[in-house]
Amino acid sequence: MKSLFAAIAVSMLIASTSQAAYFQIPAPPKPQTAPTPSTATSSSKITTVKELAELANSLEIKATIRERINPPTFLINADSLVFYEGSIPQLGDNVITAQNFPILIPLARKLQVDDLRQLVLIEHPEAATIQWQNAFKLADALIQQKMLAVIASGTLSDDALIQKLNEYNSGISKLFETTAREFAASRNLKFQRPGLIAPATHTVPVKFVLNPKEGKLELIPRTLFIVKGDQAEQWWRPMVEESPRLGGDYFFRVTWPNGVTSPPKLLQIQNAGQVFTINQ
Amino acid sequence: MALDNFLSFVSDFKGVAALIAKAALLAPFATLILNIGPPWPAKTAVPALTALCEVFVLIYIFQFFTRLSKKKLDTRLRLYFGLLVASFVVYLFIYSFFVFEVNNDRDVKGFILLPAVASQVAKGVDTPEELLRGAEWDPFVIWEGWTIYAMRAALLLSWILFFVAIAGSIAVFVTAQRKTSKAPPAASANS
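Protein chains in written order, with our numbering: chain S, 59 to 338; chain H, 60 to 250.
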């Protein structure tokens, strides 16, 4: 009899553990004195995008956080504009969450806006129209006058505040998409969204060593490269991490400091810890 | 009566059948070590779910089968044996054809290729498995999503049915043996 109950108890215990692993366990309560820059800089004191940018600098957010699996896309083909604002970076960890530190939401949005601004206004001068400039000004205004203002006001409960910030976030996303659609229409281009990449699960850490190290490495899963054909350009992913997690077969190319881009070559991930040395 | 049967069965530490039944209840957990269970929904959820199903089958049999005649119990036992063999064959078939291993992990394939992938395979250059490897091992890039879900469910179902059949066979066998030992020799065949 005891063994039966033990079996059932083990079943229940394992089932509950499994559920916890399957769904994200809520983060533990915020430590009273979390030694982070977030607590050093009281979020309610940040009321302008300039101060927000200073906070980002003080946090020394690495390029690896800025560069993410679905970066912003602004690609003008023969008759179409492929646009995506870029996924918003995930800031914090299990302890430092947006629930505990709502300032992370406008901070992450600011990083996304700055990346998109760099892509659209600097890297695509033909798109540096008053239309896009106004969109970025408006996005900054929304961050400052809505997101930061509502945090500084301290009038909303935690849940209501997060909900409000997410609403403003959606508003900014719509602003960029609307602007992109209008831009496409003004140039007689067809508006398209790129295919977005879901994070792969069966991956292992590998390492890339570029020689010279200033080269810019890009990867694309082999199947996408084959299946998408001429449309594969938008699927190339910049690799800025030295040790990214990858799995399967890829094509890679490197743009070297002299501006020359190497032709795509096959890369096969066999096991964890593989080191790929790529020379110019 | 049924509860008595059930409790006496599971608390019988000497009975070989009872020991086998307990082993059958714990057997699904062997997959945690041997890694032979269905990869979906999760490595630990599968044996837990299987063991619970087995317990409910045991309860059902002791509740409803103890009143059955010896002849009907024999029929049920044959059915459970049939289910055991069939589910085992189906599980082996699905596992060997639709489960792939990667980086000490496993996942389930589908059975209808996405149109873009199908056209690539039709050229004869790549197999679906090679394209899967080139898709970061993401089966949803290669096969229609519903076919992957269907195979996941089929694999889990055949696994659970296999263990349910084991538990059911043992429980029916024990019930039939008890009926035989309790009944007078002349009446045992017609009860």
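Ideal placement from N, C-alpha and C gives every residue a C-beta, glycine not left out. As the structure is a prediction and not an experimental result, all values here were calculated from the model.
With fewer than 16 other Cβ atoms from the protein chains shown falling within 10 Å of its own Cβ, residue 333 of chain S counts as exposed. In summary, the residues of the region 272-288 of chain S whose CB is separated from some CB of chain H by less than 9 Å are 279, 280, 281, 282, 283, 284, 285, 286, in the order they occur in the chain.
When the beta-carbon positions are compared, residue 261 of chain S and residue 295 of chain S stay at least 8 Å from each other. Exposure of residue 163 of chain H is indicated by the presence of fewer than 16 other C-beta atoms within 10 angstroms of its C-beta. For residue 331 of chain S, not one C-beta of chain H is nearer than 8 Å to its own C-beta. Three or more Cβ pairs drawn from the region 139-149 of chain H and the region 213-226 of chain H lie within less than 8 Å of each other, which places the two stretches in contact.
Judged by DSSP in its simplified three-state form, residue 335 of chain S adopts strand.
The beta carbon of residue 206 of chain H sits closer than 8 Å to those of 169, 170, 171, all from its chain and outside the five residues before and after it, given in chain order. Considering only beta carbons, the part of the region 257-269 of chain S lying closer than 8 Å to chain H consists of 258, 259, 260, 261, 262, in chain order. Between the beta-carbon of residue 312 of chain S and that of residue 274 of chain S there is about 7 Å, and that keeps the pair under the 8 Å contact cut. Collapsing the DSSP output to three states places residue 124 of chain H in coil. Among the residues facing chain S, residue 194 of chain H is included, as its CB has a counterpart in that chain under 8 Å away.
Counting C-beta pairs with one atom in each stretch, the region 206-226 of chain S and the region 129-148 of chain S have fewer than three that are closer than 8 Å, which means they do not touch. A check of alpha carbon separations from residue 170 of chain S across S/197, S/310, S/331 identifies S/197 as the nearest. With distances taken between CA atoms, residue 283 of chain S lies nearest to S/321 out of S/206, S/321, S/163.
DSSP places residue 203 of chain S within a helical segment (H, G or I) once states are collapsed to three. For residue 132 of chain S, the enclosing beta strand (DSSP E) covers residues 131-134. Within a 10 Å sphere around the beta-carbon of residue 200 of chain H sit 16 or more other beta-carbons, which makes this residue buried. Scanning chain S for C-beta atoms nearer than 7 Å to the C-beta of residue 175 of chain H yields 285, reported in chain order. Residue 172 of chain S has a beta carbon lying at 8 Å or more from every beta carbon in chain H. Look at residue 190 of chain H: its C-beta is under 8 Å from a C-beta on chain S. Around the beta carbon of residue 82 of chain H, fewer than 16 other beta carbons lie within 10 angstroms, which makes this residue exposed.
Taking 8 Å as the threshold, the shortest C-beta distance from residue 162 of chain H to chain S falls below it. Here residue 295 of chain S carries a strand assignment [DSSP, helix/strand/coil]. Straight through space, the alpha carbons of residue 305 of chain S and residue 127 of chain H are spaced by roughly 56 Å. In terms of beta-carbon proximity, residue 133 of chain H stays away from the interface with chain S, with every pair separated by 8 Å or more. Around residue 214 of chain H, the same chain offers 97, 153 as residues with beta carbons nearer than 6 Å, after the five sequence neighbours per side are excluded. Taking the Cα positions, residue 239 of chain S is about 35 Å away from residue 307 of chain S.
Under the DSSP assignment, residue 189 of chain H falls in the alpha helix (DSSP H) whose first and last residues are 187-192. The three-state secondary structure of residue 165 of chain H, taken from DSSP, is strand. Here the alpha carbon of residue 166 of chain S sits roughly 7 Å from the alpha carbon of residue 149 of chain S. A straight line joining the alpha-carbon of residue 328 of chain S with that of residue 297 of chain S spans about 18 Å. In this structure, the alpha-carbon of residue 136 of chain H lies about 44 Å from that of residue 186 of chain H. When DSSP states are grouped into helix, strand and coil, residue 239 of chain S belongs to the helix group. Residue 144 of chain S is outside the set of residues whose beta carbon lies under 8 Å from a beta carbon in chain H. In terms of beta-carbon proximity, residue 198 of chain S stays away from the interface with chain H, with every pair separated by 8 Å or more.
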